[in-house]
Amino acid sequence: MTPDAFFALAADLGAGLRGGEVLFCGLDGEDSDFVRLNGGRIRQAGSVHRRTLGLTLIDAGRQVEGGIELGGGPAADRALAGELLARLRERLAHVPVDPYLHFSLESSTGQREVGADLPPAEAVVAALIEAAAGLDLVGIWASGTIHAGLASSLGHRHWHSATSFHLDWSAYLQGDKAVKASWGGLRWEPERLAEQVAAVRARLAVMARAPRTPKPGRYRAYLAPAAVEELMGMLAWDGFDLKSHRTAQTPLLRLVRGERTLSPAVTLVEEHGRGLVPGFTGEGFLLPEAVPLIEAGRFAECLVDARDGCEYGVPVNAAGGAPESLALAAGEIPDAAACERLGDGLYIGNLWYCNWSDRNDCRITGMTRFASFWVERGEIVAPLSVMRFDDSLYHLLGDRLEGLTQGRELILSADTYGGRSTASARLPGILVEGIELAL
Amino acid sequence: MNGFEEIAARFAAQAPAADYWTLRLVAEEGDALAVRQGVPEPSRLTASCGAMVTLVVDGGVGYGATSDLSPAGLRAAAARARHWAREHARHGLFDARLVPRSALRSERRTQVCEPWDGVAIADKLALLHDACAALEIDERIVDAAAWLAYQRVEQWLVTADGGRIVEVQECVEPGLEAVANAGSQTQSRRGGGFDRPRLGGLERLAEARLGEDARRVAEEALALLAAPECPSGVMDLVLMPSQMVLQIHESIGHPLELDRILGDERNYAGTSFVTPEMFGHYRYGSPLLDVTFDPSVAGELASYAADDEGTPAERAYLIRGGILERPLGGRLSQARSGLPGVAAARACGWDRPPIDRMANINLEPGGLSLAALIGGIERGVLMDTNRSWSIDDSRNKFQFGCELGRLIVDGELGGLVRNPGYRGLSAQFWRNLDGVGEAATWEVRGVQNCGKGEPNQSISVGHATPPCRFRDVAVFGGGE
C-alpha cells in the first residue's frame, strides 16, 4: 500500500464520521521474503504480504479500538474498514468515559523512507550457500519492506517505510557447538558476507577443541555486544516503563530509591532519532530525538506512552514502555584489547533464554550459547560448555563492571513475531570482575 | 461470514499447475476487555483474515501468504509460492516429494455452551469492575487488574487431492492480578483462571470464579511481602499443576520436537539433548512417568481433528513407564528422519508455514492424593504458579521460579516462602520423579505463548497434569 492509498482510505473513513467523532487510523504492513536454511540448504521458503489496519474511534471522552487485515484493492478495503468502523461506533455507546484518553490535538505530517533496493532474496541465498560450502549452516534470510502509517481526522499524516534485510545464521560443528553470525541492515555488502563466513570458519576451528566446563562459582568475564543485548532485553522488560515505576514493579526499583547503584560508566539512552522505527505514536504524538534513561549510573527518565502520560501527568516521549532504539555509551577499552584485559576468564559471545531470578534485586538467570570461550592470559584456549548464570545487574553493571569497549555494534532485532521487528540497539562489550555461574 | 467456501471452491476450480497444492484459509476474531485500578482499558476488536498457498513443483516446495483474498491476490501468492518452490528445487534440503498429501475431509467445532456475544459488553465490564475492586483490599495493593479475552479461529485446509479440513476453535480467557508492595519488596499473584486456558465459551467463567478468587489472590500477594525467602539447598519438591505445565513444556515437550532433532531450529529455538537413537529404549524418567500426545481431550487448547499437513490426529504415548517411545513430529519430519511421530505440524496463523509443535502434551495421572504426595516428604517445598522459566538450547539445564512456595516439614504443609526457585537437568530430573497425583488431581491447563520457528511463531499448546513429587532438587530463594 502506498502512502497516498492509505491516506485516501483514512480520508474516506473520516468523511463518514458523525458529530464530534475523532478517528485515528494506523497501518502496519510488510512485504517480506523468508528463506529458512538447515544444513546449508533451503528448508522452507516463502513470501508474506500483509496489511493490518488499526482504528481508534473517539467520541465524548470514550474510545474503542479495532484492527483488521486489508486486501483486495481500494474498494474492498473501504468496505472492510467501514464495517469495522460501524462495529466500533456501536460499541462506543456501551463503554464508559475513559479518564486516560489521550491523543495529540496538534496535527502534524511527516514521511520517512529508509533503505534502498536490495538484491533479490534468491540471489543472496545462493551466494550464502556458495560462500558457506562445507559448513553446517542453519538460520534465516528475511528481507523486504515494512510500512507504518498514521492518519487522523484531526489532520495527522505520517508514513514510515524501511526496506531492510536480516541474515541471522549460525554454523554448527557438532551437538551444541556452533558460531553465530547475525547481520541486519539497509544495504547489502557482498564483501561483508565473505568476511563473516571467514570469521565463522576461524571461530569454528577453536570450537573443535576440547570444551572447558567450569564449576559453579564466580568468574571474570567479557560479554560481547550480542550477549549484552540479552541483558538489555531484560532491562527493557519493565525497567523503564513509567507505569512499572509508579506501581513499584520495575526491576530498577532499588536503583530509583537509592538503595543500589550502577557503575558511573553506565549511560543508557533511547535514541528515537536513529530513525529505524517510526517517529510518531499511534495517538499522533511526535517522539523526541533521545530520552536519557540512565545517566552515569543514576536513573534519569522513564519511557512514557500516551495513556500512562495522562494517568500520571507526564509528557509523552515514547510509543510504548520498552526501548526500541537503545544505546549504551561506549567505554575506554580498545576492542582489540578486550581479551588481554580479561586475562583469565570467560569470553561470552552470546547469552540465551534470560529470565528473572528475583526481580526485586534485578537478578537474572540465563544460558551461555554459541561461541563462548575459556580465556587464559588473554588468549582464547577452548570453547566453553553451555553454562547457566544467575546474577544481579546491580553487580554486572554495578560494582563488578570493570569497563566497556570503545567500539559499539548496531544490532538490529531479528525478531519476526507478528511481523519483522524494527527494533535495534547500539551496544559495546563489557568486562566484568565476576559473573556467577550456577549450573 | 468469511466466504471461505466460495474462495476455496474458486481456487480449486482454477488451481495452479503443480504436483500438489494446499490452500490454508484462516480467519481470527478477537475481543479484549480489561479493568485496571478501577478504570476500563480501551477495548479492542480484532479480525485477521488471510491465506497461505503452498505449491510442490518439480521437487521443490514454496509458500506465498497474503491478506488479499481476491482472485488476483491468491494468484499473486501462488506465483510467489511457485518462485520459492523452484528455488527450493535448486537448493532444497530434501526432495519435496516427501511433502505429505492429504485427502481428508473433516469438520470440527469447539463446543460452546454460552456464546461470547450472549452477554452484553456492559455486563462483562461490570463483572471485571467488581473483580478488580475485590482485589483492592489494602493500600499495599499498588496495582490490580481483571481481564477477559475472547478468540475465535476458523481454518480451512483445502488440498489438491480433494481434502477439506475445517476447524473452528473458540477460547475465553479470564484472569486477575494483584501487585503488592512494601518498601523495596514487590510481589504479585495471579488467578481467576489465567493459567487454565481452555477452549469453550463464557461457561468457562463459572470455573474461573473471577469475583470469588480475587480475595485469595490479593491476600496471597500481601502475605508474600512478609514471607521469608525460600530456603536454599537440595531437598524434595512438590510441583502443583500450575508449575508442572512449564516443567513438562520445556523439558519434555521441546526436547521431543522432531524438527529440533533434525536441526531446523538450531539457529533460534535450539537443538535437543534427545538424539534419534534414543527412541524405543532411553530411560527419560522414573517408571512413574507416562506422557501422551492427546488431541482428543475435550476443551484442551490444542485439541484438533487433523494437523496443518492434513494428518488425522490421534492419541499416542511419547513416554511410557519412563521409556522414550516417539518424538513430536509431523509426517514431513517423519519422512525426513525415518522416525515415527504424531500429527504435530501446525502454523500459528495464515502468514506462517507449519512446523513441528507440541499440541496437547499430557502427563498421565498416577495413584497418590495431594496429601500423600506431601506426606511423603520430610523436608521440602511445594511450589505453585510459574513466573520465570529458562532452559538451555538443548533443553537440558533448566531453572524455574514460582509465585508462591510453602514449606513442607515432616509431611505437613508449613508457612509461605517467597521467590521460590529450583534448577536441574532434564536428563536427571525426571528420573527423580517418585510420586504422581491421582486422577482427581489432574488438571487441564495450557500455555498460550509457545515461541519457536524462523520466521517466529507463537502458538497455544495444552498440558494436562497432576501435581508431582521429585526427590533431591536444588532449591533456592530470592535476594542477591
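Chains as they are written, first to last, in the working numbering: chain A, -11 to 427; chain B, 3 to 482. Glycine residues also receive a C-beta, built at the ideal position from the N, C-alpha and C atoms. Keep in mind it's a predicted model, so treat the numbers as computed, not measured.
Close beta carbons around residue i, own chain, < 6 Å, minus the five adjacent residues each side
i, result
"Ser409 of chain A", "Ser401, Asp403"
"Cys298 of chain A", "Tyr88, His90"
"Glu53 of chain A", "Thr44"
"Arg414 of chain A", "Ala315, Arg396, Leu398"
Residue i burial status per 10 Å Cβ neighbour count (16 or more: buried)
i, result
"Pro176 of chain B", "buried"
"Ala69 of chain A", "buried"
"Ser95 of chain A", "exposed"
"Glu183 of chain A", "exposed"
"Lys126 of chain B", "buried"
"Ala166 of chain A", "buried"
"Thr97 of chain A", "exposed"
"Lys168 of chain A", "buried"
"Pro420 of chain B", "Correcting the residue identity first, residue 420 of chain B is Arg in this sequence and not Pro. Buried, because 16 or more other Cβ atoms sit within 10 Å of the Cβ of Arg420 of chain B."
Residue i and residue j closer than 8 Å at C-beta
i, j, result
"Gly337 of chain A", "Ala198 of chain A", "no"
"Gly263 of chain A", "Gly137 of chain A", "no"
"Asp310 of chain B", "Ala347 of chain B", "yes"
"Gly282 of chain B", "Glu327 of chain B", "yes"
"Trp23 of chain B", "Ala17 of chain B", "yes"
"Asp436 of chain B", "Arg473 of chain B", "yes"
"Ser234 of chain B", "Gly479 of chain B", "yes"
"Leu330 of chain A", "Val292 of chain A", "no"
"Ile46 of chain A", "Val10 of chain A", "yes"
"Gly213 of chain B", "Asp145 of chain B", "no"
"Thr393 of chain A", "Ala317 of chain A", "no"
"Cys115 of chain B", "Gly203 of chain B", "yes"
"Leu241 of chain B", "Met385 of chain B", "yes"
"Val247 of chain B", "Val475 of chain B", "no"
"Leu385 of chain A", "Val279 of chain A", "no"
"Gly172 of chain A", "Leu95 of chain B", "no"
"Ile117 of chain A", "Phe22 of chain A", "no"
"Met54 of chain B", "Ala67 of chain B", "yes"
"Arg166 of chain B", "Arg103 of chain B", "no"
"Tyr160 of chain A", "Leu425 of chain A", "no"
"Gly52 of chain B", "Asp353 of chain B", "yes"
"Leu290 of chain B", "Gly368 of chain B", "yes"
Under 9 Å from the C-beta of residue i: neighbouring residues of chain B
i, result
"Gly331 of chain A", "Within 9 Å Cβ-Cβ: nothing; Gly331 of chain A doesn't reach chain B, min ~25 Å."
"Gly60 of chain A", "Ser69, Asp70, Leu71, Ser72, Ala74, Gly75"
"Trp340 of chain A", "Gly272, Ser392, Asp394, Asp395"
Chain-ordered neighbours of residue i on chain A, where CB pairs are closer than 7 Å
i, result
"Pro44 of chain B", "Gln51, Val52, Glu53, Asp86"
"Tyr65 of chain B", "Gly34"
"Cys51 of chain B", "Glu57"
"Gly423 of chain B", "Ser345"
"His90 of chain B", "Ile30, Ala33"
"Gln187 of chain B", "Asn348"
"Val41 of chain B", "Pro87, Tyr88"
"Asp353 of chain B", "Val36, Arg38"
Own chain partners of residue i with C-beta closer than 7 Å, once the 5 adjacent residues on each side are dropped
i, result
"Pro243 of chain B", "Glu445, Arg447, Thr467, Pro468, Pro469"
"Ser460 of chain B", "Cys350, Asn451, Cys452, Gly453"
"Ala184 of chain B", "Arg142, Leu227"
"Ser149 of chain A", "Glu101, Thr133, Ile134, His135"
"Glu217 of chain A", "Ile399, Ala413, Leu415"
Residue i: contacting residues in chain B (beta-carbon distance under 7 Å)
i, result
"Ala307 of chain A", "Going along chain B, no residue has its Cβ under 7 Å from Ala307 of chain A, so there is no contact; the nearest lies around 15 Å."
"Gly354 of chain A", "Ser392"
"Leu427 of chain A", "Lys399, Arg425"
Proximal chain A residues relative to residue i, where beta-carbon distance stays under 9 Å
i, result
"Arg268 of chain B", "Asn26, Asp124, Val126, Gly127, Ser158, Tyr160, Asp164, Ala166"
"His256 of chain B", "Those do not exist, as His256 of chain B stays about 11 Å from chain A at its closest Cβ, beyond 9 Å."
Contact set for residue i: own chain, Cβ-Cβ below 8 Å, skip 5 residues either direction
i, result
"Val411 of chain B", "Glu380, Arg381"
"His144 of chain A", "Phe12, Ser92, Ser95, Ser96, Thr97, Leu138, Phe268, Gly272"
Partner residues on chain A for residue i, Cβ-Cβ distance less than 8 Å
i, result
"Arg84 of chain B", "Near Arg84 of chain B there are no residues of chain A at all, since even the closest Cβ is about 11 Å away, more than 8 Å."
Contact set between residue i and chain B, taken where Cβ atoms lie within less than 8 Å
i, result
"Ser131 of chain A", "The contacting residues do not exist; Ser131 of chain A stays about 12 Å from chain B at best."
Every unbroken beta strand (DSSP E) inside the region 94 to 120 of chain A [3 residues or more] = 97 to 102
Could you tell me which uninterrupted beta strand (DSSP E) segments, each at least 3 residues in length, are contained entirely in the region 383 to 456 of chain B, listed from first to last along the chain?
-> 399 to 411, 414 to 419, 423 to 427, 435 to 438, 445 to 454
Runs of alpha helix (DSSP H) wholly within the region 8 to 89 of chain A (minimum 4 residues, chain order) | 62 to 80
Scan the region 188 to 263 of chain A and note each continuous beta strand (DSSP E) run of 3 residues or more that stays entirely inside, going in chain order.
-> 205 to 211, 256 to 258
Sequence ranges, beta strand (DSSP E) only - wholly within the region 233 to 306 of chain B, length at least 3 | 235 to 241, 293 to 295
Runs of beta strand (DSSP E) wholly within the region 86 to 168 of chain B (minimum 3 residues, chain order) = 107 to 111, 143 to 161
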